[in-house]
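Numbering (UniProt numbering), first residue to last: 1 to 304. Glycine included, each C-beta is placed from N, C-alpha and C at the ideal position. This structure is a prediction, so every number in the text was calculated from the model and none was measured.
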């Protein structure tokens, strides 16, 4: 076996040297041909290129595919980066959209405040709700207006549509509003169109009950409930809500104010009414006679 291997090496080694020599000579000849600056050699080179290069398209196919693959990878990387930028911009647009929706809702509530029809003699101060009581046993909110803004204890507070409560506690820059739903809230109301007078009593629910109603048979669910103005607690004809029949079969009020979104409240400057101390002066002029003046007759003149 060792002899056969040596014989094999003796034949392979000379052939290898011969092939290497031929390749060196061929490459050297190509180099010389490619470097000779002659018109004939130039035409020969052109003929060789025209003959050989087109037939080597199959050999260039892997290189071309690799180049295209690299280009596609770069394009994919650019698309991936662009997709990431678009995602970030979309997230920012969502944040801007949410901010725009909040501003739109805030603007709508402010427009509602501006469109409320009130007594022209009533003026108001608008405050922002800073916080609520956060307690199930006390229903109140804190506003950013107070004594420096002329707020007085007892003034009514409204949102964009209906009555919310009254001022109960005033500081220099803050004021607390007791809501109509609080258990300590009692306000006189009028139910329209029947004209029935009653008391709206808070019970820590969003639908407080109606108490001390004279004739419940004249009241129907859906009737309008407004402040009566009795006792000088609130001005008259402020919208409170609508009559509703509760699950306990009691007449309650579905409040018109949106207690789920109390952000701005309008504080009405409800000046107390003037007390009448001399009612007789309203009926007759000072020093005048009470009752109609009768014309004199001829008989009266003869008797006189």
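From the options, pick the residue whose C-alpha is nearest to that of residue i; which is it?
i	options	result
residue 267	76, 147 and 73	147
residue 207	240, 220 and 232	240
residue 193	179, 77 and 225	225
residue 209	195, 187 and 89	187
residue 177	219, 127 and 211	127
residue 309	197, 205 and 195	Missing from the structure shown is residue 309; the chain here goes from 1 to 304 and no further.
residue 184	195, 95 and 203	203
residue 220	244, 101 and 106	244
Indicate the three-state DSSP secondary structure (helix, strand or coil) for residue i in the structure shown.
i	result
residue 202	coil
residue 87	helix
residue 30	helix
residue 151	coil
residue 244	strand
residue 227	strand
residue 263	coil
residue 65	helix
residue 44	helix
residue 132	strand
residue 127	strand
residue 190	strand
residue 21	helix
residue 82	helix
residue 138	strand
residue 70	helix
residue 185	coil
residue 10	helix
residue 16	helix
Using 8 Å for Cβ pairs, my map puts residue i next to residue j. What's the rounded Cβ distance?
i	j	result
residue 167	residue 182	With a Cβ gap of about 13 Å, residue 167 and residue 182 do not count as contacting.
residue 110	residue 264	7 Å
Cutting at 6 Å between CB atoms, please list the residues of its own chain near residue i, excluding the five before and the five after it.
i	result
residue 306	There is simply no residue 306 to check, as the chain begins at 1 and stops at 304 in what is shown.
residue 222	242
residue 170	146, 147, 151 and 153
residue 282	Residue placement at residue 282 is flagged as unreliable, the pLDDT there being 40, under the threshold of 50; a coordinate-derived value is accordingly withheld.
Apart from the five residues on each side of it in sequence, which residues of its chain come closer than 8 Å, Cβ to Cβ, to residue i?
i	result
residue 262	129, 132, 141, 159 and 164
Roughly how many angstroms lie between the CA atoms of residue i and residue j, to the nearest whole one?
i	j	result
residue 216	residue 190	13 Å
residue 238	residue 99	33 Å
residue 214	residue 173	42 Å
residue 143	residue 79	52 Å
residue 162	residue 258	8 Å
residue 251	residue 175	32 Å
residue 30	residue 62	25 Å
residue 200	residue 255	11 Å
residue 97	residue 246	40 Å
residue 260	residue 73	54 Å
residue 65	residue 76	16 Å
residue 95	residue 233	45 Å
residue 279	residue 195	The predicted model places residue 279 with a pLDDT of 49, which falls under 50 and marks its position as unreliable, so this point remains unresolved.
residue 43	residue 17	34 Å
residue 87	residue 101	21 Å
residue 82	residue 106	36 Å
residue 218	residue 139	31 Å
residue 47	residue 84	53 Å
residue 197	residue 103	40 Å
residue 90	residue 71	28 Å
residue 21	residue 39	30 Å
residue 25	residue 15	15 Å
Less than 7 Å between C-beta atoms, sequence neighbours within five positions excluded: which residues of the same chain meet that for residue i?
i	result
residue 69	none
residue 231	188
residue 67	none
Please find out if some non-hydrogen atom of the ligand MG comes closer than 7 Å to the beta-carbon of residue i.
i	result
residue 172	For the structure depicted, the ligand MG is absent and the ligand set is empty, with no information on it obtainable.
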